[in-house]
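Chains as they are written, first to last, in our numbering: chain A, 5 to 406; chain B, 5 to 406.
We treat Cβ as the ideally placed atom computed from N, Cα and C, and that holds for glycine.
Remember, predicted model here, so these are calculated numbers, not experimental data.
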């Protein structure tokens with residue numbers, strides 16, 4: 005593959021117009037959309053309207069006239085289309101951590117038994133499963149093999165569909181079938197898969213899921229998460245954080261708590277409108293793209309990038325499965341000096357991120373990257389690893405956000 | 005009091021410059037800052053920078069270089085100055101409902117006993133206290149007299165310092181002294197008092213509090229809340245929603261959960277930066293104002309407004325205590341046709357809000373209102389109530405947000 009080959013692929017790319025919809029800075033190849041998606045131009049416009057007109061001029065009236073009150077469910081219904089859920093099964097609200105807390109705690113009320121999470125999954129998932137188990141007086145089980153989380157004595161299992169480091173993707177349908185056999189309630193963390201890979205919760209039989217708004221959905225730093233509960237399960241799950249927006253009729257200000265019968269029982273406080281408006285813009289943009297074209301381009305970009313990096317830098321060991329069905333859309337490489345490599349790449353305009361220990365992570369997002377982008381990124385990483393500059397870099401504490 | 009008198013007071017007002025710092029629309033007198041504070045101009049500027057430069061251009065790098073990572077504690081320390089707390093005792097995070105859930109649930113672990121809330125308080129407070137009690141297998145007690153919540157068999161009492169309807173203010177120091185005697189952990193909901201009245205948590209001996217960012221702090225629609233835990237109590241309270249930001253070193257991505265020793269153990273997920281930036285701007289603006297001048301002007305405005313409304317509209321019955329020490333900064337009037345009056349006022353440019361049943365609420369905020377504003381608002385309400393137009397208005401379902 006040459007740069008000219010990449011140029012030819014870009015010329016034929018049916019999605020090439022999407023990249024211009026984002027505010028991608030000059031001189032930067034951004035391979036960290038898996039951590040913080042870039043700014044869509046439409047988001048800046050929508051926020052400007054929200055701030056100056058809806059908030060500034062219309063003030064409190066916007067709760068009714070600008071659709072603020074319906075924002076969590078309206079955005080939820082849009083996200084539902086991205087993840088194979090039905091309308092009325094998703095809300096956008098709170099942080100990923102808070103949403104996971106709600107669903108794991110609620111699902112645990114359905115039966116006795118342990119709460120399980122992946123031993124090497126994203127820290128929040130494990131911390132939450134462990135602390136919720138302690139709060140409820142249940143055993144906690146950390147599993148290295150996801151399938152082991154599904155056992156007759158496990159009440160709730162929290163699994164990430166795509167691993168935040170390796171990018172390895174679980175077989176959702178197969179694990180749901182196993183969960184049905186053991187009676188385990190499976191809560192899916194879609195943080196690294198929603199917007200990155202095609203998801204069909206209904207086809208897989210998945211009934212409980214949470215995902216992140218600020219990664220592939222391009223919702224902005226710390227964007228609200230989304231929470232999915234299959235309709236038959238909604239009325240069976242208690243609203244664990246029963247703020248006034250969980251009420252069937254919040255604006256009655258009734259002293260008696262009567263939870264909403266549908267998905268809004270999983271809301272809590274007043275919706276964060278600035279954050280939700282940005283999330284909605286990102287989701288709207290993603291819904292414009294053809295899902296099949298996104299998947300195909302994502303696969304082609306990923307293969308181009310990992311092939312080129314592996315060819316130029318044999319010392320970088322790919323830790324992500326090559327099979328598109330078995331991975332998300334980021335790529336993880338292991339190297340003893342991964343931190344220095346990531347830092348040197350950033351200095352040269354290739355933004356990836358580092359994860360402990362010795363892991364360099366690169367997000368390959370088909371909406372915002374061209375074939376030339378990933379070809380050039382691989383070339384720059386090759387220069388870094390095959391040059392001497394990166395050896396001089398000092399390892400520094402801290403890092404960038406997942 | 006004549007309009008000329010009000011003009012003279014404005015000319016002498018040392019805070020008169022503050023009003024111009026807000027985007028108050030022409031032809032509107034906004035008496036609903038107690039529900040959604042208006043837009044400070046500086047907020048629009050800060051958000052523009054956050055969106056275009058920090059997110060758009062600097063992308064993931066802003067977590068480190070733009071102070072995003074420290075935002076919850078940095079803003080918390082600023083809010084601490086408004087409520088008489090020490091640095092390191094406050095974080096800005098999540099919604100009011102989620103923050104209240106965290107503190108009430110955590111405080112309940114400290115001792116056995118009932119969980120109490122005000123029977124006629126804001127719905128979230130009662131719903132949360134009741135559902136948390138059920139989750140923990142504790143008795144729930146709804147009290148009509150706040151003092152009754154402090155009893156030897158009550159483990160945690162959740163009390164609003166200022167009532168969201170009547171505006172009546174509790175004596176925080178007296179109730180804390182009583183709580184100390186009964187061993188009850190008192191959680192204060194400061195939603196209708198923070199930014200509205202001078203608060204000194206340390207002087208009152210208060211150790212647990214939550215407040216709202218989108219009312220008097222002018223943080224924008226659905227702004228993050230703040231959460232206060234006195235330093236000696238921090239290490240004793242479990243982080244109930246133990247997301248990765250509650251960890252002592254979140255960026256280690258350690259599989260073992262080791263909660264932060266300080267206030268950040270009450271964080272959960274990634275901070276919502278758009279929302280936090282707006283909140284910080286509102287708080288910064290409030291810190292520019294002299295607290296004593298704010299209090300004095302607030303008292304004078306409130307008296308002018310309620311006197312003029314009562315004089316012009318004897319049928320509107322004031323339900324807020326007149327004593328400045330016994331109330332917040334909003335005024336509540338009862339009238340059988342309060343909904344129609346509020347709607348007719350809004351049509352004439354006076355924005356207040358309605359609360360069931362038969363209650364008209366008006367926020368009197370000294371940062372954003374002039375003496376002429378409140379004089380004119382009272383005159384317009386007088387025209388409404390003494391005219392015939394409002395009688396024709398139909399009562400409609402729904403309302404505006406608290």
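In whole angstroms, what is the alpha-carbon distance linking residue i and residue j?
| i | j | result |
| --- | --- | --- |
| residue 371/B | residue 74/B | 28 Å |
| residue 220/A | residue 237/A | 27 Å |
| residue 403/B | residue 164/B | Caution is warranted here: a pLDDT of 42 is assigned to residue 403/B, below 50, making its placement in the model unreliable, and the coordinate value is therefore given only provisionally. Their Cα atoms are separated by approximately 22 Å. |
| residue 58/A | residue 224/B | 11 Å |
| residue 117/B | residue 177/B | 23 Å |
| residue 173/A | residue 126/A | 14 Å |
| residue 48/A | residue 35/A | 21 Å |
| residue 366/A | residue 5/A | 20 Å |
| residue 103/A | residue 227/B | 18 Å |
| residue 346/B | residue 352/B | 10 Å |
| residue 389/A | residue 333/A | 23 Å |
| residue 331/A | residue 203/A | 12 Å |
| residue 156/B | residue 81/B | 33 Å |
| residue 160/A | residue 189/A | 5 Å |
| residue 325/A | residue 232/A | 28 Å |
| residue 85/B | residue 194/B | 14 Å |
Look at residue i and residue j and say whether their C-beta atoms are less than 8 Å apart.
| i | j | result |
| --- | --- | --- |
| residue 309/A | residue 368/A | yes |
| residue 263/B | residue 243/B | yes |
| residue 140/B | residue 120/B | no |
| residue 245/A | residue 101/B | yes |
| residue 166/B | residue 132/B | no |
| residue 191/B | residue 162/B | yes |
| residue 114/A | residue 297/A | no |
| residue 358/B | residue 335/B | no |
| residue 51/B | residue 282/A | no |
| residue 169/B | residue 158/B | no |
| residue 89/B | residue 206/B | yes |
| residue 71/B | residue 62/B | no |
| residue 28/B | residue 375/B | no |
Of the residues the options, which one's Cα is nearest the Cα of residue i?
| i | options | result |
| --- | --- | --- |
| residue 391/A | 319/A, 128/A, 17/A | 319/A |
| residue 337/B | 323/B, 289/B, 278/B, 132/B | 323/B |
| residue 287/B | 261/B, 222/B, 295/B | 222/B |
| residue 199/A | 187/A, 317/A, 40/A | 40/A |
| residue 348/B | 53/B, 384/B, 374/B, 11/B | 384/B |
| residue 21/A | 254/A, 289/A, 96/A, 257/A | 289/A |
| residue 248/A | 105/B, 138/B, 292/B | 105/B |
| residue 43/B | 42/A, 56/A, 33/A | 56/A |
| residue 134/A | 124/B, 261/B, 129/B, 143/B | 261/B |
| residue 362/B | 98/A, 142/A, 149/A, 257/A | 257/A |
| residue 275/B | 329/A, 142/A, 8/A, 217/A | 217/A |
Count the other CB atoms within 10 Å of the CB of residue i; is the residue buried (16 or more) or exposed (fewer)?
| i | result |
| --- | --- |
| residue 398/B | Below a pLDDT of 50, predicted positions are generally treated as unreliable, and residue 398/B, at 42, falls in that range; no measurement from the model is reported. |
| residue 400/A | In this prediction, residue 400/A scores a pLDDT of 41, lower than 50, which makes its location untrustworthy; no coordinate-derived value is stated. |
| residue 425/A | Residue 425/A lies beyond the range of chain A shown here (5 to 406); nothing can be said about it. |
| residue 96/B | buried |
| residue 321/A | exposed |
| residue 93/B | buried |
| residue 31/B | exposed |
| residue 69/B | exposed |
Using a Cβ-Cβ distance cut-off of 8 Å, determine whether residue i contacts chain A.
| i | result |
| --- | --- |
| residue 24/B | no |
| residue 150/B | no |
| residue 215/B | no |
| residue 60/B | yes |
| residue 102/B | yes |
| residue 366/B | no |
| residue 192/B | no |
| residue 145/B | no |
Does any C-beta atom of chain B lie closer than 8 Å to the C-beta of residue i?
| i | result |
| --- | --- |
| residue 128/A | yes |
| residue 39/A | yes |
| residue 115/A | no |
| residue 108/A | no |
| residue 251/A | yes |
| residue 288/A | no |
| residue 387/A | no |
So is the beta-carbon of residue i under 7 Å away from any non-hydrogen atom of the ligand ADP?
| i | result |
| --- | --- |
| residue 287/A | What this structure holds is no ligand at all, so the ligand ADP is not there to describe. |
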